[in-house]
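There are 2 protein chains.
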Amino acid sequence: MLDTNTTIVTTPVSVRLRRSPFWPRSHAAGGHNYTSYNHTLIAADFKSPEEDYRHLKSAVQLWDVGCERQIELRGPDAKRLAQAATPRDLDKMADDQCFYIPTVDAKGGMTNDPVLIKVDEDHYWVSIADSDLILFFKGVAAAMRLDVCVDEADVWPLGIQGPKAAELARRVWGDDVMNIRFFRHKRMDVNGVPMLLARSGYSTQGGFELYFEGRVGASALWDQLMAMGSDLDVQAGSPCQSERVESGMLSYLSDITPDMTPFEAGLGKFCEMTRDVGCLGWRALREGQEPMRQIRPIEISGGPLPPMREFWRVVSELGEPVGRISSACRAWSYDCNAAIGLIGRSHWQPGTKCTVETSDGPRSAIVRERFWNR
Amino acid sequence: MLDTNTTIVTTPVSVRLRRSPFWPRSHAAGGHNYTSYNHTLIAADFKSPEEDYRHLKSAVQLWDVGCERQIELRGPDAKRLAQAATPRDLDKMADDQCFYIPTVDAKGGMTNDPVLIKVDEDHYWVSIADSDLILFFKGVAAAMRLDVCVDEADVWPLGIQGPKAAELARRVWGDDVMNIRFFRHKRMDVNGVPMLLARSGYSTQGGFELYFEGRVGASALWDQLMAMGSDLDVQAGSPCQSERVESGMLSYLSDITPDMTPFEAGLGKFCEMTRDVGCLGWRALREGQEPMRQIRPIEISGGPLPPMREFWRVVSELGEPVGRISSACRAWSYDCNAAIGLIGRSHWQPGTKCTVETSDGPRSAIVRERFWNR
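In order, the protein sequences belong to chains Z and H.
Sequential numbering from 1 applies to the first sequence in our numbering.
Sequential numbering from 1001 applies to the second sequence in our numbering.
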């Protein structure tokens, strides 16, 4: 049932909604307002949205982000298959690099925006946003008769995020973690098992993602991190809507929809357009390098906004529709409303004034030069 | 948060959770306990599970099953693309037929179990269960450079289900509906717009699915059906877990998982194995026609069962694991517990006794010859 302000539904837990090995600890720590992401539960909130936000920006949090499922590509054609799905040039990927890759279909429409990780020679993980991208890989591999296994790996990321994340990781895994550069990874000893630790994560507060393998030892590791970080005020958390929106971190199926190209999503810098790298959408993308609409940071005036249940229309000062807002939230650090808009070329210049038709009525708004945390 | 008996979570409604054009009416009629299915909300309950079940089996219900999204395949290679995904022989499909098709990957693992509808020459809809099967089609089409458009259609099924569904449909669309045979379809005039009406649906109580196109007029149609069926006791409803389990109707991602073949799911009769019809998984399937485990109807003893949050293990009388239960519920009409099990060959004979390890403890159980409603 939707609650009285019609923003919450109740969902029966079933075998269709998977739970990660970190779920019992994360849930016991107060996780609530769950959503289904890659057929897996993820909590939206722990304390209040504002408390979770301020804590993330001042301390360190453990995130059960097991819903970032890992597609495993393994075999001689693993790289070729990964390249078929993305215009980013994988020849430029270092062995220890985490590559953010827009993935596209034959029309250049975005199918996901995962992080590609090279685990080993001929062995990759694709850490996905919320779509069954595995089916694209399976389709391509079958049609091209590629020599590659495509499976979901039994790997469940644990986020360690916040300004004190590096200190916590250093205490647990030693000074070596300080040598992992941004979007690079290294194998660490996790209670006797070597696992990938990456300097990455879905916040701009700094931190790590541990690609936890299997289910055994997850609670013990959680407890260990909590104990070793107690004086750092480590707490359970999860990706923070306000922090990611003010930082301009996009969310697939909210800000990025399948009808958008990487250029429209502002991800053109990840597209190699000077040569065909083997991406099946390359020809279509080549025609679409000058998009008519693009993601822009939008500041919406006034006090806190109502929750978003659907896209809000953006209209010009003359009342014409010029775009949509796909994410909006209170940016408490900046005492304003931060939003992500998809705006037409005629109105996307920084400083352009517009009106956002929120579910509570119109608000004046302005196109900004850049997101807040950048 | 999970409720006290840990079976319900609360979910914030966001732009990521779509709502069909019938959602406002369905929700106002008491829809609750929503789940996300193909990134779309669907209600599990209206009154109590038992009331909804008994009403479905005695009257007629309107179901907002817009979450059965339609993948549109359009162009000269549409049929070839559909055939690449399934071992069912599409040459045998009549123009007005709805074809239940297991879809598989190159290893024969099930990717979905949709209904294929021929809308027109070179124009199909694939009415999907809960996976982004569109990405498989996009991958195959791109890799094989097929001449076909693959899109999600703006079509939202409305179910009209129950023993009085035919009478309600007859009143609204005339005697013509009585000539639509099971799993066949016909274009009907829906307030001035021709739309496909199929004799099908996710129950064994009889009924129709209307493939409603666009969003305009959905509430008016709902109101019209409610008004014309008031003396038939028409009510809002949704797919009924107890009714579909006792009938042996499988649910993708519960009973059918991606590691299963159609033969394991008991869907061998839908697989053309005497010749390669063009299915990319055909070679693998040919090797797997004698599965070591298969779906079986299981009766679990005792009173009502606890809700299922994860698979329950099935063990033999000697205590060895021999399978899993993927769905279980009270079959009130039969005053017993009906369940769907995946059982090893050594223990799948009808009459075999076993033990199901429910979340509330072990229960004795027996393998049945057939499901209850069949």
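For each residue, glycine too, the CB sits at the ideal point set by N, CA and C.
Computed from a prediction, not measured in an experiment: that's the story for all the values here.
| Query | Result |
| --- | --- |
| Does the structure place the stretch 1116–1133 of chain H close enough to the stretch 1088–1103 of chain H that three or more beta carbon pairs sit under 8 angstroms? | yes |
| Out of Z:178, Z:175, Z:182 and Z:221, state which residue places its alpha-carbon closest to the alpha-carbon of residue 193 of chain Z. | Z:221 |
| Any contact of the stretch 1336–1352 of chain H with the stretch 1296–1308 of chain H, i.e. 3+ C-beta pairs under 8 angstroms? | yes |
| Tell me, please, whether the CB atom of residue 32 of chain Z is closer than 8 angstroms to any CB atom in chain H? | yes |
| The beta strand (DSSP E) spanning residue 1344 of chain H covers which residue range? | 1336–1344 |
| With a cut-off of 8 angstroms, does the C-beta of residue 16 of chain Z fall near any C-beta of chain H? | yes |
| For the ligand MN, is there a heavy atom less than 7 angstroms away from the beta-carbon of residue 1322 of chain H? | No copy of the ligand MN occurs in the structure displayed, which carries no ligand at all. |
| Please confirm if residue 1142 of chain H has its CB atom under 8 angstroms from at least one CB of chain Z. | yes |
| Leaving out five residues before and five after residue 199 of chain Z in sequence, what residues of the same chain have Cβ atoms less than 7 angstroms from its Cβ? | 180, 181, 182, 183, 184 and 208 |
| Rounded to the nearest angstrom, what separates residue 1279 of chain H and residue 1071 of chain H at their Cα positions? | 18 angstroms |
| Tell me whether residue 1053 of chain H sits in a helix, a strand or coil according to DSSP, three-state version. | helix |
| Can a CB atom of chain H be found closer than 8 angstroms to the CB of residue 123 of chain Z? | no |
| How is residue 139 of chain Z classed by DSSP in three states: helix, strand or coil? | helix |
| What's the gap between the Cα of residue 19 of chain Z and the Cα of residue 1105 of chain H? | 25 angstroms |
| Helix or strand or just coil, what does DSSP make of residue 30 of chain Z? | coil |
| Could you check if residue 319 of chain Z is buried or exposed, using at least 16 other CB atoms within 10 Å of its CB as the buried criterion? | exposed |
| Just the C-alpha distance for residue 109 of chain Z and residue 1186 of chain H, rounded to the nearest angstrom, thanks. | 33 angstroms |
| What did DSSP end up calling residue 1171 of chain H once you bin it into helix, strand or coil? | helix |
| For chain H, find out if any of its Cβ atoms is closer than 8 angstroms to the Cβ of residue 309 of chain Z; answer yes or no. | yes |
| Can you name the residues that DSSP bridges to residue 104 of chain Z? | Z:110 |
| Report the neighbours of residue 1073 of chain H on chain Z: residues whose CB is nearer than 9 angstroms to its CB, in chain order. | Within chain Z, no residue comes near residue 1073 of chain H; the closest Cβ sits about 13 angstroms away, beyond 9 angstroms. |
| Which word fits residue 92 of chain Z, buried or exposed, when buried means at least 16 other C-beta atoms lie within 10 angstroms of its C-beta? | exposed |
| Buried or exposed: which applies to residue 351 of chain Z, given that a residue is buried once 16 or more other Cβ atoms fall within 10 Å of its Cβ? | exposed |
| Can you list, in chain order, the residues of its chain with a C-beta nearer than 8 angstroms to that of residue 83 of chain Z? Leave out the 5 residues immediately preceding and following it. | 90, 277, 278 and 279 |
| Can you tell me whether DSSP reads residue 188 of chain Z as helix, strand or coil? | strand |
| For residue 1210 of chain H, decide whether its Cβ has a neighbour in chain Z, counting only Cβ atoms nearer than 8 angstroms. | no |
| Measuring CA to CA, which of Z:331, Z:308, Z:293 and Z:332 is closest to residue 345 of chain Z? | Z:293 |
| May I have the straight-line CA-CA distance separating residue 29 of chain Z from residue 226 of chain Z, to the nearest angstrom? | 11 angstroms |
| Alpha carbon to alpha carbon, how far is residue 304 of chain Z from residue 42 of chain Z? | 24 angstroms |
| At a Cβ threshold of 8 angstroms, is residue 343 of chain Z touching chain H? | no |
| Using a threshold of 8 angstroms, state whether the C-beta atoms of residue 86 of chain Z and residue 76 of chain Z are closer than that. | no |
| Would you mind giving the Cβ-Cβ distance between residue 131 of chain Z and residue 1259 of chain H, rounded to the nearest angstrom? I have them listed as a contact below 8 angstroms. | Wrong, their Cβ atoms sit about 20 angstroms apart, outside the cutoff. |
| Between residue 1052 of chain H and chain Z, is there a C-beta pair that is closer than 8 angstroms? | no |
| Applying the criterion that 16 or more other CB atoms from any shown protein chain within 10 Å of the CB defines a buried residue, is residue 1362 of chain H buried or exposed? | exposed |
| Under three-state DSSP, which class holds residue 164 of chain Z? | coil |
| Output yes if chain H places a C-beta closer than 8 angstroms to the C-beta of residue 7 of chain Z; else output no. | yes |
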